[in-house]
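The structure under discussion appears below in the form of C-alpha cells.
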Amino acid sequence: MEHSNSKVSTNYFSEKIYVKCPKCLQLGIITASLKNKNLAIPLEYKAQYNCTNCQYSLKETNVWFGLYVGKILRTCKSCGSNLHFLTKPTKETKQQLLGTCETCKKENEYEITWKKYLKNHPNDPYFGMDLWLQTAIKSNVLWAYNLEHLDFLKEYVGAKIRDGKNRHKYSLITNLPNWIKSAKNRDLIIKKLSILESDLLKNYSNK
Ligand SMILES: [Zn+2]
Ligand SMILES: [Zn+2]
Numbered sequence: 012m013e014h015s016n017s018k019v020s021t022n023y024f025s026e027k028i029y030v031k032c033p034k035c036l037q038l039g040i041i042t043a044s045l046k047n048k049n050l051a052i053p054l055e056y057k058a059q060y061n062c063t064n065c066q067y068s069l070k071e072t073n074v075w076f077g078l079y080v081g082k083i084l085r086t087c088k089s090c091g092s093n094l095h096f097l098t099k100p101t102k103e104t105k106q107q108l109l110g111t112c113e114t115c116k117k118e119n120e121y122e123i124t125w126k127k128y129l130k131n132h133p134n135d136p137y138f139g140m141d142l143w144l145q146t147a148i149k150s151n152v153l154w155a156y157n158l159e160h161l162d163f164l165k166e167y168v169g170a171k172i173r174d175g176k177n178r179h180k181y182s183l184i185t186n187l188p189n190w191i192k193s194a195k196n197r198d199l200i201i202k203k204l205s206i207l208e209s210d211l212l213k214n215y216s217n218k
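According to our numbering, the residues represented by the sequence shown are 12 to 218, in order.
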C-alpha cells in the first residue's frame, strides 16, 4: 500500500467496512468502490452491503441507519433577520423545529433540511451502520473500518519516534484526535486494537 505518496484519511480505508448487521447484529461487510479515495469523505462511489449471517443485503445506498443533522437557513418569521441553526445529530427527523431568533428573541416554527451526519462517528459513511471494529478507550471510542485500517492505527500509535524516516508518512495522517496521538495512551490503545483484531480473526477468519 502506498501510504507515503497519498494523503491518508479515514476515507482511504473505506472500500471494505466491517459493520454490525442492522437486522441480526452479526458481522456484515460493506464493499465499495470510490472514484477518489483521497478525499475527506466518499463522494462518487458504488457501495453494497451483505450480512455474513442472515439474508439481509443492500445494493443501493438509499437507506441510512445513522444520525442526521438538521439545518434551518431562513429569515425570521417575526423580524426578517437571517437565521442559521444546526440541530444536534439525531435519529428523529421532525419536519418542523422551534427556533429562537437571536435578534428579536421570538420563537417560531421552521422547516428543517436534514442531512446525513458524517462527522467522525463509529458508523460507515454509506449506510450509517454501526462499525464492527470499535472499542472504548477511557471516555473515547476508537474505531477502524477494516483490518488494514486497524493495522495502520496500531502502527501509527506504536511508532515511538514520529520523525526521521517515518515522519513523512505519519505527518500525512488526517483526522486523528489528539488522544490517539498522545504517548500516554499508547500501550492501552495497542492492547485494545490487538484484542479487536484477534476477536475478528478468531470468530470470522473465513470472511
Ligand atoms: Zn444479518
Ligand atoms: Zn427575529
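Just so it is clear, CB atoms sit at the ideal spot from N, CA and C, and this is done for glycine as well.
Predicted, not measured: the structure shown is a model, and the values here were computed from it.
Is the beta carbon of residue i less than 8 Å from the beta carbon of residue j?
{"i": "Leu144", "j": "Tyr60", "result": "no"}
{"i": "Ala43", "j": "Glu26", "result": "yes"}
{"i": "Lys48", "j": "Gly39", "result": "no"}
{"i": "Cys90", "j": "Thr114", "result": "yes"}
{"i": "Tyr79", "j": "Lys34", "result": "no"}
{"i": "Leu69", "j": "Phe138", "result": "yes"}
Pull up the distance between the alpha-carbon of residue i and that of residue j, whole angstroms please.
{"i": "Lys105", "j": "Val74", "result": "18 Å"}
{"i": "Leu142", "j": "Leu158", "result": "12 Å"}
{"i": "Glu63", "j": "Gln37", "result": "The question names Glu, but residue 63 in the sequence shown is Thr. Rounded to whole angstroms, Thr63 to Gln37 spans 7 Å at the Cα level."}
{"i": "Lys102", "j": "Phe76", "result": "8 Å"}
{"i": "Asp198", "j": "Ser205", "result": "11 Å"}
{"i": "Lys1", "j": "Pro133", "result": "A query on residue 1 cannot be resolved here, the shown segment of the chain reaching from 12 to 218 and no further."}
{"i": "Asp162", "j": "Ala155", "result": "9 Å"}
{"i": "Lys202", "j": "Leu211", "result": "14 Å"}
{"i": "Tyr23", "j": "Leu50", "result": "8 Å"}
{"i": "Lys192", "j": "Glu166", "result": "12 Å"}
{"i": "Asn189", "j": "His160", "result": "18 Å"}
{"i": "Lys116", "j": "Trp125", "result": "24 Å"}
{"i": "Asp174", "j": "Leu164", "result": "Any reading at Asp174 is ruled out, since the residue's pLDDT is 49, under 50, leaving its predicted position unreliable."}
{"i": "Lys130", "j": "Pro136", "result": "9 Å"}
{"i": "Cys65", "j": "Cys87", "result": "49 Å"}
Nearest CA to the CA of residue i: which residue from the options?
{"i": "Lys127", "options": "Gly81, Thr111 and Cys32", "result": "Gly81"}
{"i": "Lys195", "options": "Lys149, Glu208 and Leu207", "result": "Lys149"}
{"i": "Thr146", "options": "Leu97, Glu208 and Leu109", "result": "Glu208"}
{"i": "Ser20", "options": "Ile52, Ile41, Lys46 and Pro33", "result": "Ile52"}
{"i": "Leu97", "options": "Leu109, Leu164 and Lys165", "result": "Leu109"}
{"i": "Glu118", "options": "Lys70, Leu94 and Ile200", "result": "Leu94"}
{"i": "Arg85", "options": "Leu69, Tyr121 and Lys46", "result": "Tyr121"}
{"i": "Thr72", "options": "Lys88, Asn214 and Ile41", "result": "Ile41"}
Taking only three categories from DSSP, how would you classify residue i?
{"i": "Gly77", "result": "coil"}
{"i": "Leu207", "result": "helix"}
{"i": "Lys165", "result": "helix"}
{"i": "Leu109", "result": "strand"}
{"i": "Phe24", "result": "helix"}
{"i": "Glu120", "result": "strand"}
{"i": "Leu183", "result": "Low local confidence applies: a pLDDT of 47 at Leu183 is under 50, so the model's placement there is unreliable, with the coordinate-based value given in what follows. Three-state result, Leu183: coil."}
{"i": "Ala51", "result": "coil"}
{"i": "Asp198", "result": "helix"}
{"i": "Ser95", "result": "Position check: residue 95 holds His in this sequence, whereas Ser was assumed. Strand at His95."}
{"i": "Leu129", "result": "coil"}
{"i": "Trp143", "result": "coil"}
{"i": "Lys8", "result": "Outside the shown range of the chain (12 to 218) lies residue 8, about which nothing can therefore be said."}
{"i": "Asn61", "result": "strand"}
{"i": "Asn151", "result": "strand"}
{"i": "Asn134", "result": "strand"}
{"i": "Lys82", "result": "strand"}
Residues in its own chain within less than 8 Å of residue i by CB, not counting five upstream and five downstream?
{"i": "Ile123", "result": "Gly81, Lys82, Ile83, Thr98, Thr104, Lys105, Gln106, Gln107 and Leu108"}
{"i": "Tyr215", "result": "Leu38 and Thr63"}
{"i": "Ser5", "result": "Since the first residue of the chain shown is 12 and the last is 218, residue 5 is not available in this structure."}
Excluding five sequence neighbours on each side, which residues of the same chain lie with their C-beta closer than 6 Å to the C-beta of residue i?
{"i": "Val152", "result": "Pro133 and Gln145"}
{"i": "Pro100", "result": "Leu78, Val80 and Tyr128"}
Leaving out the 5 sequence neighbours to the left and right, which residues in its chain are closer than 7 Å to residue i when beta-carbon positions are compared?
{"i": "Val168", "result": "Ile191, Arg197, Ile200 and Ile201"}
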